[in-house]
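Okay, structure first, notes after.
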């Protein structure tokens, strides 16, 4: 995981905004730190990343990001332990996934050392911004978008890679109520659902709003062909516990290969929990909810960590999940956050000290 | 179609760039006129549009357009006749479609009079920019994007509506060679394929590049489920002529309801051409190509107008289209452009004088 040392140029902000931030009342992703990483792709290559004061971006109205949705992002978090040491969780997985997304969206891949070294340098500079209030964290947003110009529907010739930080509270507060969707869809076979592409998110806003209007927090998407199988929740992969077996849908070109998802599968294996990565039919869920074998459902993702689901709705019927002792969701959450915050041994090699 | 008169505030550019433009050598969509329409959505409503000098846009790095692809656009053209009168072609259809796209992408709809009146005012101001070289035109790009900030994956609270003009040459030069795609897909059932959403375009760039590398200009998408039926070409709807019957795929939530497409169907009806709007199997195309009944294929869209297809490729075999006398493509192109340039009677009520 070690990358060669780079000389990242730093232009420091004249003043800090940190004194104006109430770290005890953070929302998700609406306060930003003093600096950011900026790296431009021009004339066929990525320039060396720099750290500059957090500042507005200026683009021509014809910049392709405005017209053709050519953008990708990642979500990560940084953690501080009792010794003020800073930790990242599986950061190279995010870097590699960003480049998988890049390829599918015809965006030039970012060199791994540009990503890792600039991220670490920014974290060192912004270390005082890492919240230590329980439930809060420093959310990290690396993203790339098409900054090149023109109304021709073709890939841009220029791109910007940016890393920005947002000290953030919880993504969801409390348990989550989800609606299983069978009219609208998130992604197509052979489409871009596996990529963290901007357009995958905008397409979910309207159906999600319809679900919110009915009292749900999120939608669980089903396959666009039959709507018989659950896929993911847009900002989270979905796990189901039937009796003692943990189920999750297999990744595909329609489903994001979540890093929290991947971590849960590893932990389950090491804990001896039976796991099935396979298609999960809505009918199976409903049968299990009715006969009492459905013990838990939860979402998993970097922003939401692990979000227990209290209720799922399908065709105007709500199915409540029981309170299950020795919950898998609680076990996985403790195990993952203990590694993230350096409170436990990291037997998987997931933690990286900055 | 008449809308109430609005008082559009105009801030004129100090100098014009028009003298620097070679109107005899225009590419598509990379030269922009001196002014643009800007209209902001803030605090729950659209402010009155203004005309300002064409200038860069400044956004926070957390603006949702960079992260969640929440953007939509339209493509239109303005035409000048021999009397220097300016014409639009079915502009309200573009306005209404923009709002159909807006709804699906959770973007607030733009008032129709804001769209129409600001467009007409900008056209009057920029009338000298409308090219009169054959094959060139003034391309009009109305678009809306999420300018509100935040890393939470939810609709923005602020948006920008912009209209910009680009005097442009032809989108394609000459006949087009297309590849029928059966691995990658453009859109899902229940997805956003019918909307002119930014992300629909970025998702096509990589598969299109693979086709370009094999010597094709464009991809014809098939349904994501079976890949047995042709859908559209991303920047064009597709028409097929088998013997004397004109075929095109029906619109759906996966296929853009093209205004050129709609116009062709009307003209065909008035010309007595037999039309079938129905699913077109790839196997049917290949059979027709082999037995000689496949007479023509062409794409139809605002940017490309009508683009005859010379060859389609499928599974490493190329099928050449014959030279067909009395081509439908030529008939439709003449009929549509004659109406657009005020060279013929407009029996359909499509032309609007600015």
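Protein chains in written order, with my numbering: chain A, 29 to 382; chain B, 29 to 382. In this text, a Cβ means the ideal position worked out from N, Cα and C, and glycines have one as well.
Residue environment, residue i, which counts as buried when at least 16 other CB atoms sit within 10 Å
i: residue 393/A; result: Because chain A spans 29 through 382 in this model, residue 393/A falls outside it and cannot be assessed.
i: residue 351/A; result: exposed
i: residue 18/A; result: Nothing in the structure corresponds to residue 18/A, since chain A is present only between 29 and 382.
i: residue 182/B; result: buried
i: residue 90/B; result: buried
i: residue 247/B; result: buried
i: residue 32/B; result: With a pLDDT of only 49 at residue 32/B, under 50, the local geometry of the prediction cannot be trusted, and no value is derived from it.
i: residue 148/B; result: buried
i: residue 135/B; result: buried
i: residue 30/B; result: For residue 30/B, the predicted structure reports a pLDDT of 41, less than 50, and the residue's modelled location is therefore unreliable. The matter cannot be settled from this model.
i: residue 132/B; result: buried
i: residue 302/B; result: exposed
i: residue 48/A; result: exposed
i: residue 232/B; result: buried
i: residue 66/A; result: buried
i: residue 368/B; result: buried
i: residue 161/B; result: exposed
Where residue i meets chain A, residues with beta-carbon distance less than 7 Å
i: residue 159/B; result: Here the premise fails: no neighbours, minimum Cβ distance about 15 Å.
i: residue 88/B; result: 84
i: residue 319/B; result: Those within 7 Å of residue 319/B in chain A number zero; the least Cβ separation is about 30 Å.
i: residue 190/B; result: 89
i: residue 60/B; result: 90
i: residue 64/B; result: 89
i: residue 132/B; result: 234
i: residue 101/B; result: 95
Residue(s) in a DSSP beta bridge with residue i
i: residue 84/A; result: None; residue 84/A has no bridge partner.
i: residue 369/A; result: For residue 369/A, which the question treats as bridged, DSSP gives no partner whatsoever.
i: residue 379/B; result: 117/B
i: residue 328/A; result: 265/A, 334/A
i: residue 258/A; result: 250/A, 308/A
i: residue 280/A; result: 283/A
i: residue 275/A; result: 268/A, 304/A
i: residue 356/B; result: None, per the DSSP bridge assignment.
i: residue 347/B; result: 340/B
i: residue 437/B; result: Because chain B in this structure spans residues 29 to 382, residue 437/B falls outside the shown range and cannot be described.
Beta-carbon spacing of residue i, residue j below 8 Å
i: residue 93/B; j: residue 173/B; result: yes
i: residue 128/A; j: residue 55/A; result: no
i: residue 271/A; j: residue 321/A; result: yes
i: residue 327/B; j: residue 204/B; result: yes
i: residue 70/B; j: residue 166/B; result: no
i: residue 110/B; j: residue 164/B; result: no
i: residue 191/B; j: residue 168/B; result: yes
i: residue 317/B; j: residue 264/B; result: no
i: residue 219/B; j: residue 227/A; result: no
i: residue 250/A; j: residue 259/A; result: yes
i: residue 281/B; j: residue 221/B; result: yes
i: residue 386/A; j: residue 256/A; result: No answer is possible for residue 386/A: it lies beyond the span of chain A, which begins at 29 and ends at 382.
i: residue 145/B; j: residue 36/B; result: yes
i: residue 86/B; j: residue 86/A; result: yes
Contact list for residue i against chain A, beta-carbon separation under 8 Å
i: residue 367/B; result: Correct list: empty, because the minimum Cβ distance to chain A is about 24 Å.
i: residue 296/B; result: Near residue 296/B there are no residues of chain A at all, since even the closest Cβ is about 27 Å away, more than 8 Å.
i: residue 171/B; result: 94, 95
i: residue 252/B; result: 216, 217, 218, 219, 252, 253
i: residue 237/B; result: 134, 183
Per-residue contacts from residue i into chain B (C-beta, under 8 Å)
i: residue 212/A; result: 218, 219
i: residue 228/A; result: 97, 227
i: residue 289/A; result: Under the 8 Å cutoff, chain B gives no residues; its nearest Cβ is about 17 Å from residue 289/A.
i: residue 280/A; result: Going along chain B, no residue has its Cβ under 8 Å from residue 280/A, so there is no contact; the nearest lies around 12 Å.
i: residue 57/A; result: 90, 178, 179, 180
Check: residue i C-beta below 7 Å from any heavy atom of the ligand FAD
i: residue 289/A; result: Absent from the structure shown: the ligand FAD. Ligands present: none.
Beta-carbon neighbours of residue i, restricted to chain B and to distances below 7 Å
i: residue 182/A; result: 233
i: residue 263/A; result: 181
Chain-ordered neighbours of residue i on chain B, where CB pairs are closer than 9 Å
i: residue 167/A; result: 179
| task | Entirely within the stretch 282 to 324 of chain A and at least 3 residues each: give me those beta strand (DSSP E) ranges in chain order. | result | Within the stretch 282 to 324 of chain A, the runs of beta strand (DSSP E) at least 3 residues long that lie entirely inside it are, in chain order, 303 to 305.
| request: Could you pull out every unbroken alpha helix (DSSP H) segment of at least 4 residues lying fully inside the stretch 47 to 135 of chain B, listed in chain order? | output: Listed in chain order, they are 92 to 96, 119 to 132.
| What runs of the beta strand (DSSP E), each 3 residues or longer, lie entirely inside the stretch 147 to 233 of chain B? | 165 to 174, 187 to 196, 204 to 208, all fully within the stretch 147 to 233 of chain B.
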